[in-house]
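So the structure is just underneath, and the comments pick up after that.
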Amino acid sequence: AGYLEMARAAYCAVNKAKGAVLKRAYFLQPLMLDNVDDLNVTISIDTNADRFELSSMGEDAQKVTHSAGDALATNGALGAPASAAALGSSYAAVDIAVFYEAFRSVGLEYGP
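For the sequence shown, UniProt numbering assigns the number 1 to the initial residue and increments by one for each residue that follows.
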């Protein structure tokens, strides 16, 4: 979630936009904060291609790309989200324990 907010805020600042829609966002590598003394985190915005890339470089001088995707400027008003009733049968209940375990199995710690 932090990657996405950084990308949204940077895209809005660079493009002087009130809002942004992020699409095709990829999470490529986790950002490890073990040794932050020599860590440099960068968010790059390509205004011609409407792309963002979040990367870091540590003391080993190796660039690591953590997240990348597309961004589109908006006027800030995206409309109200659809209600559950309006979505009809396009959603299904999930076993929350299984859901969080799937996250944990790939190294993400969300939820209880």
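Ideal Cβ positions, reconstructed from N, Cα and C, are used throughout, including at glycine.
Pick from the options: whose alpha carbon is nearest that of residue i?
{"i": "K23", "options": "A68, A102, D34 and A13", "result": "A68"}
{"i": "D38", "options": "E59, N15 and A73", "result": "E59"}
{"i": "residue 121", "options": "Q29, V98, K63 and A25", "result": "Not covered by the structure: residue 121. The range shown for the chain is 1 to 112."}
{"i": "L33", "options": "H66, V106 and S83", "result": "H66"}
{"i": "A17", "options": "E101, T47, A85 and A97", "result": "T47"}
{"i": "A97", "options": "A1, N75 and S105", "result": "S105"}
{"i": "Y100", "options": "A49, A93 and E109", "result": "E109"}
Need the endpoints of the alpha helix (DSSP H) that residue i sits in, please.
{"i": "G2", "result": "G2 to N15"}
{"i": "Y100", "result": "I96 to S105"}
Does the distance from the C-beta atom of residue i to that of residue j stay below 8 angstroms?
{"i": "A7", "j": "I43", "result": "yes"}
{"i": "A71", "j": "A20", "result": "yes"}
{"i": "F27", "j": "Y11", "result": "no"}
{"i": "N40", "j": "S56", "result": "yes"}
{"i": "I45", "j": "V14", "result": "yes"}
Output the boundary residues of the beta strand (DSSP E) element that contains residue i.
{"i": "V36", "result": "Run containing V36: none; DSSP gives neither H nor E here."}
{"i": "L54", "result": "R51 to M57"}
{"i": "A71", "result": "K63 to T74"}
{"i": "Y26", "result": "G19 to F27"}
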